[in-house]
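Okay, structure first, notes after.
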Amino acid sequence: MKKLNFLLALGLALPFPGYTQAPPADADVVKKMADYVIAHAAFTFTGNNQTYATSKEIPVGVNATISDHLSAWHYPNGVLNIAMIDLGNYLKEEKYSAFAKKHVAFAFDNVTYFEALSKKGVKYKEFPFNQLIHTRVLDDCGAMGASLLDVYQTVKRADYRAYIDKAANHISKIQERLPDGTLCRPNPYKWTLWGDDLYMSVPFLARMGKLTGDNAYFDDAVAQIKHFTHYLWDPGAGLYVHYYYEDLQRQGVAHWGRANGWIMLAKVQLLNDLPANHPGRNEVIADLTQQILGVARYQSASGLFHQVLDRTDSYTETSCTAMFVYSIARAVNEGWLDKRYISIAEQAWNGLVREKITPDGQLKDVCIGTNTAADLTAYYNRPAELNDFHGWGPMIEAGIEIMRYRESKKK
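Those letters in the sequence shown? Residues -22 to -1, 1 to 389, per mature numbering (1 follows the signal peptide of the UniProt record, and there is no 0), in order.
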């Protein structure tokens, strides 16, 4: 009896096999991530071991850089800004929306200093706001431009509108395209079609259509989805390849997770703003459904998705998993997808919370920025880092849509 009592007492202190703690509330998880972002975005400059609050404080001759990646002007920052605005609107907590407004204002209030240096020929590693000053490819303006359009809904600065119009002109009239109108890049080979670029263009075009009422933007966005599917969809795998080389007329080798995530995200962001009576709307929904059903075949037992989606010996990757969670859950929440498919998103979200978020809200296993590669090993070996800024926006958006779905079930 004494031995039994001892074992029972031990059982109170140690979990039984198969026992798991109740998962934290979704809102607590998402807020912890967003609060971590707010706490670690300094919106300052660093040079000569000194910190400067504004560009006006930087001494002549000091090569100052932006103090942290969260304060920089790069496409992942645009994804994050959109997510923070969405979180602020959903939770009705202004501090999250204010983050995006502060981020954009930090850039526009300081860019003229670096623009003047650039005109003098001054260039150095991590030159601040280089993509804001020089727009060459869609990475430079698409995602940040989309986030600026969201900020512009409440902050009507003339310099913001000027940049929005500049980005619209670049995407619609300057950025390279294939003869059929498909957006492409001049590198690494002429002309290269990147799956990433569907996100770097379509969300901006959709928002521009909503802002201006010009259906040409919506028409172009719908056409891009059709074109990218034509060039990048692999029907045998039910997945997208990362890229297409026009000079070889050949698809890439890898079904890279985040490229598939960018493509799925772009379709959802278009549907958010595409008019209900647009003739291409049902086609976009069908395309999105096809992709969701395709990627669902590659979900791991943990709920997570792999860096190379159809290669289970590649690591499970956070950002692509989050993109799929957001897209699938939003499609269910908006009625574009039958609700039985929510289980894909819920299991993926549960895996993210369980394995990829630290107790203080940091993100694990986010693949760093990735170029195209002819060999599959390049994708296998691409580093996954703690808090790489490609993960923040998708993770927050994923949490919002999971919260929406689970809250709707309570009603």
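Even for Gly, the Cβ is constructed at its ideal location relative to N, Cα and C.
Measuring only from the beta carbon, is residue i closer than 6 angstroms to any heavy atom that is part of the ligand COA?
i	result
Lys389	Among the ligands in the structure shown, none appear at all, so the ligand COA cannot be discussed.
For residue i, which of the options has the nearest alpha-carbon?
i	options	result
Lys387	Asn311, Thr132, Lys10, Leu161	Asn311
Asp6	Leu65, Leu282, Asp291, Pro164	Leu65
Gly123	Asp251, Gly56, Thr350	Gly56
Arg289	Thr190, Arg114, Val200, Asn359	Asn359
Gly191	Tyr209, Tyr138, Leu252, Leu271	Leu252
Gly258	Gln269, Leu282, Ala194	Ala194
Ala61	Ala31, His368, Pro361	His368
Val15	Pro2, Ala274, Asp118, Asp366	Asp366
Gly159	Trp240, Asn26, Val200, Leu189	Val200
Glu104	Gly329, Val262, His52	His52
Gly120	Val133, Lys144, Gln131	Lys144
Val38	Tyr68, Leu69, Asp4, Leu95	Leu95
Asn349	Trp172, Glu93, Val40, Glu71	Trp172
Lys170	Asp198, Arg228, Arg114	Per the sequence shown, residue 170 should be read as Thr rather than Lys. If we check each option's Cα against that of Thr170, Arg228 comes out closest.
Glu261	Tyr319, Asp197, Asn41	Asp197
By a C-beta neighbour count over all protein chains shown, 10 Å radius and 16 as the cutoff for buried, is residue i buried or exposed?
i	result
Asn238	buried
Lys317	exposed
Gln109	buried
Gly187	buried
Lys168	exposed
Leu248	buried
Arg308	buried
Thr90	exposed
Val133	exposed
Ala31	exposed
Ala(-14)	With a pLDDT of 43 at Ala(-14), under the threshold of 50, the modelled position of that residue is not reliable, and the figure given next carries that caveat. Classification for Ala(-14): exposed.
Ala(-10)	Caution applies to Ala(-10), whose pLDDT of 39 falls short of 50 and renders its modelled position unreliable; the value that the coordinates give is listed next. The residue in question, Ala(-10), is exposed, as its Cβ has fewer than 16 Cβ neighbours within 10 Å.
Tyr102	exposed
Pro372	buried
Ala264	exposed
Just to check my reading of the structure: residue i and residue j have Cβ atoms closer than 8 angstroms, yes? What is that Cβ distance to the nearest angstrom?
i	j	result
Thr24	Ser49	Rounded, the Cβ-Cβ distance is 10 angstroms, inconsistent with contact.
Leu58	Trp327	In fact, because the Cβ distance is near 19 angstroms, the residues do not count as touching under 8 angstroms.
Ala232	Val246	About 23 angstroms; that fails the 8 angstroms criterion.
Ala362	Tyr293	6 angstroms
Met346	Ala323	Note that residue 346 is Ile in the sequence shown, not Met. Actually they do not touch by this definition, with Cβ atoms about 25 angstroms apart.
Ile270	Leu315	7 angstroms
Met242	Leu210	No, Met242 and Leu210 are not in contact; Cβ-Cβ is about 12 angstroms, not under 8 angstroms.
Leu176	Glu224	Rounded, the Cβ-Cβ distance is 16 angstroms, inconsistent with contact.
Val8	Met381	7 angstroms
Pro106	Phe84	Not really, about 10 angstroms apart at Cβ, beyond 8 angstroms.
Gly329	Ser297	That pair is no contact at about 14 angstroms.
Tyr74	Ala12	6 angstroms
DSSP beta-bridge partners for residue i?
i	result
Tyr222	Leu171, Gln229
Cys345	Ala362
Leu161	Arg155
Ile44	Phe23
Val286	Trp234
Gln28	Gly25
Ile335	Leu341
Thr90	Looking at the DSSP assignment, Thr90 forms no beta bridge with any residue, so it has no partner.
Leu217	Asp212
Thr294	His284
Is residue i close to chain B? Criterion is C-beta to C-beta, closer than 7 angstroms.
i	result
Met11	Absent from the structure is chain B; it holds one protein chain and no more.
For this session: Decide if the stretch 148 to 158 is in contact with the stretch 179 to 199; the criterion is three or more beta carbon pairs, one per stretch, under 8 angstroms apart.
Result: Contact check between the stretch 148 to 158 and the stretch 179 to 199: three or more CB pairs, one atom from each, fall below 8 angstroms, which counts as touching.
Exercise. Counting pairs of beta carbons, one from the stretch 76 to 87 and one from the stretch 18 to 30, are three or more of them closer than 8 angstroms?
Worked result: yes
Problem set entry | Three-pair Cβ contact test at 8 angstroms for the stretch 195 to 205 versus the stretch 323 to 338 | no
Exercise. Three or more C-beta pairs closer than 8 angstroms, one from the stretch 126 to 136 and one from the stretch 154 to 164: is that the case here?
Worked result: no
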